[in-house]
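Take 1 as the starting number for the sequence shown in the UniProt record's numbering and just add one per residue.
Data block below; observations after.
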Amino acid sequence: MAGAIIKLRFTLGVPEFMHILAIALGGCLRAPPVRYGITEDTGGHIAYILGAMAALARDPRVTRADIITRLFDDPALSRVHAQPREAISAKSEIIRIDSGNRHYLAKEDLARDRAAFTRALIEFLRASDRRPDIIHAHFADAADVARQVRNELGIPFIYTAHSLAHDKAAMMQNSPALAARLKEEDRAIAAADAIIASSRDECERQLPAYPSARFDRIHRLRPGVDVADVRRSDLIRARRLVEPFLRQPSRPMILAIARPVHKKNLVRLVEAFGSSRELSARANLVILPGLRAGVKRGEAEHREVLIDLVDAIDRHDLHGVAAWPSRHDSRQVAAMYELARRSRGVFVNPALTEPYGLTLIEAASHGLPVVATRNGGPSDIVAELEHGLLINPLDPEDMQRAMLRMLDDEVLWQRCSRNALVNIGGMNWRDYANGFLSIAQEIASADRTGTTMRPRRMLISDIDNTLTGCRKGARRLSAFLTRKRASVGFGVATGRSFVEARRLLREWDMPVPDVLIASVGSEIYWRTGRGFRLDEDYAAALAKGWNPDAVLAAMDDFPGLVRQAPIEQRRFKCSFLADGPDVLNRVRDRLASRGIAAKAILSHDRLLDILPVRAGKHAALAHVAAVLELPRDRIVAAGDSGNDVDMLAASSQAVLVANFHEEVRGMAGLTHVYTARRSHAAGVLEGLLWHERRSRTKEAAYVAA
């Protein structure tokens, strides 16, 4: 989109004052406390919107962080939804637009009200003293509204899908309704100035499956979690919710919290629990399936799921060991996580597919281990927090095994609980807000970014444990690179994917790189005035003679090697988990014996990647130097681990940060490698300045001679 129509104000490249407007049409959106599950559409996306906008409102760069939704009048759902404005904080409020239809509308019925709602919203914005600088549209229907607002008023918009139809459509073929939803989601993806998703699965598998997706518009921001202080009174009230159902309330609690809709798979969880004599004899099953006033009331899908839940509880005779209270508030929910942890229980998310899984983060914030569906976002969350086990949600026996393992293995339970409490700090709303503002800045300044980079010198650095690890050092290096942007180019070379690399750089407040070498040197992306572009010439060179199917087949029965998740496999990278450093030479021997031309690289003694022989961080660095026509002695390479070895060894100027891994200790004695006294980004800056001084000394000596 043309940058000329965007009205953001900047000081030194940072948004000075920004007004952000979120749009969400469905569900009962109100200021906390929210009655989650009161309707089919009152779910986790509302917690996401409220958490995100509260964090943005706290940021000093933001003047307003308001939420737009429909006005409706339904006394059974609270009269607050008929109020045109509802304050959340001093800088945030919910604004309800009257479309003329004051009925509550479920998701399927919202389309017929959209045109009237859009007209009313545009009229409202035209009459406003100050229009928003950017809109955040939640779900594809809101993205359609935002697109029309942009066409009329020139306000750019960011789109978050929350729950894409891609996987559901694969399971329910020949569904006209899903086919229409897919088309609407594709239109939203095509129109958005940027797309934000929570999980790698959304960013790297689901979104790219849509015809209109552009990889460089997709950004991953991890939502935060608001941890409520659980008071003794909350614990007492939570116990009172479940004690009437349970004969032995002190047993370990298997807890599930989800709306009563089919995709949450709650009935299969009851079946798995009830068909295991061991589980039903040792634990209690507690399900919070939204709020209800009886199983025969509410929306059709709600009624179906609740009746099926009751039927499963009856058939397995789970009375006395299963609880499913009809009423609870947010403080009781927080206390329920705490009760489950104290009982040495487990939280279970059995969804058929889960776009993200905020409940898994909430469980982690209380130190409660989890058992979660392997489909969708939970695979990311569990991998990052290391606080649970993944299951096949279609396999009740797999659910049973995982739940029993958590109950039986004290060491595993303690490790997962400890990991949850330690690692949850990396998922917070502050980082989300900072990332959102960074993306908004990129949208606003897209026309200011030059398409040609010709630096006199360049830094290309690994990310994990090289740039990351120390906030103070990262700030110093970032400030230096920003100040020297005209003369010192900045690139990264990482084992991470493109999406994950950008997420990490954003979370650590590093500049947007001029070139991004991803997936252990198997992909190169160049920053341009319109985003990033994949280096197709480099890709074409790697494709010659590369046969990933042969690589995977050769490694299928290899002892000590396990294939990593599908999302880690790339066009020019096959990735595995190794049980130790001894595997590397045996892998190389296996490849050679099969006549497979490939390169094997081991990092941190357990991450093994197999690449084309022409790939790798050094090969990518050499390609970058050739494209920029930059002498190799003008590029400083920095790293810390095994997948940096070829880049560090072959560079004429290299930096090894002080926290380097043992597997690269041999690099420390090489004359062209500066071993920093400082760790992480501070060590990178130290080495960069050292090489810069050394180069100036050499140049001065050459001139004098």
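Think of the CB as a built atom: it goes at the ideal place given N, C-alpha and C, for glycine as much as any other residue.
Here the structure is a predicted model, which means the values were calculated and not measured.
Excluding sequence positions up to five before and after G435, its CB lies within less than 8 Å of the CB of H219, L221, R503, R506, E507, all in the same chain and listed in chain order. Here the C-alpha atom of I391 lies approximately 19 Å from the C-alpha atom of E362.
Residue pairing by DSSP puts R220 in a beta bridge opposite A197.
Its chain contains D605 as the residues whose beta carbon lies nearer than 6 Å to that of P581, once the 5 sequence neighbours on both sides are disregarded; these appear in chain order. The beta carbon of V664 is closer than 8 Å to those of G639, D640, S641, G642, D644, V645, L648, L656 in its chain, skipping five residues each way along the sequence.
Setting aside the 5 residues that flank it on each side, R114 is surrounded in the same chain by L25, D141, D144, V145, each with a C-beta closer than 8 Å to its C-beta; the list follows chain order. As DSSP reads the structure, K599 sits in a beta bridge with L611. Between P393 and N265, the gap from beta carbon to beta carbon is short of 8 Å. Excluding sequence positions up to five before and after A116, its CB lies within less than 8 Å of the CB of S99, G100, N101, all in the same chain and listed in chain order. Relative to the Cα of Q569, the nearest Cα in the group E86, I20, R205 belongs to R205. Cβ neighbours of W690 within its own chain (closer than 7 Å, five residues either side excluded): Y674. As the crow flies, the alpha-carbon of D509 is around 43 Å from that of R79. When C-alpha distances from R126 are compared across V261, R112, N151, the shortest belongs to N151.
I463 and T482 do not touch by the CB rule: their CB atoms are close to 17 Å apart, not below 8 Å. In the DSSP assignment, I463 falls outside any alpha helix (DSSP H), carrying neither H nor E. DSSP places T359 in the helix class (H, G or I) of the three-state scheme.
According to the DSSP assignment, I158 belongs to no alpha helix (DSSP H) but to the beta strand (DSSP E) extending over 157-160.
Taking all protein chains shown into account, S233 has fewer than 16 neighbouring C-beta atoms within 10 Å of its C-beta and is therefore exposed.
One thing to note: F215 has its Cβ no nearer than 8 Å to the Cβ of A192. Only exposed fits R112, as fewer than 16 other CB atoms lie within 10 angstroms of its CB. According to the DSSP secondary-structure assignment, N284 is paired through a beta bridge with M253. In this structure, the straight-line span from the alpha carbon of S417 to that of G560 is close to 27 Å. In this chain, the beta strand (DSSP E) harbouring V636 covers 635-639.
Residue range 346-349 is occupied by the beta strand (DSSP E) that includes N349. For E536, the enclosing alpha helix (DSSP H) stretches over residues 536-543. A distance below 8 Å separates the beta carbons of I257 and L288. When secondary structure is reduced to three states using DSSP, E123 falls in the helix class. Measuring C-alpha to C-alpha distances from N375 to each of L685, H680, A600, P566 identifies P566 as the nearest. Ranking R415, M253, E299, M399 by CA distance to the CA of R341 puts M253 first. Checking the DSSP bridge columns, you'll see T528 partnered with G531.
Relative to L421, the option among M458, S365, W413, A197 whose CA is nearest is S365. DSSP places A654 inside the beta strand (DSSP E), whose first and last residues are 653-656.
For V227, same chain residues with a beta-carbon under 7 Å away, outside a window of 5 residues either side, are S365 in chain order. When secondary structure is reduced to three states using DSSP, K573 falls in the strand class. Going by C-alpha positions, W413 is about 16 Å away from Q400. Looking from the CA of R268, the closest CA among L352, M53, A474, C203 belongs to L352.
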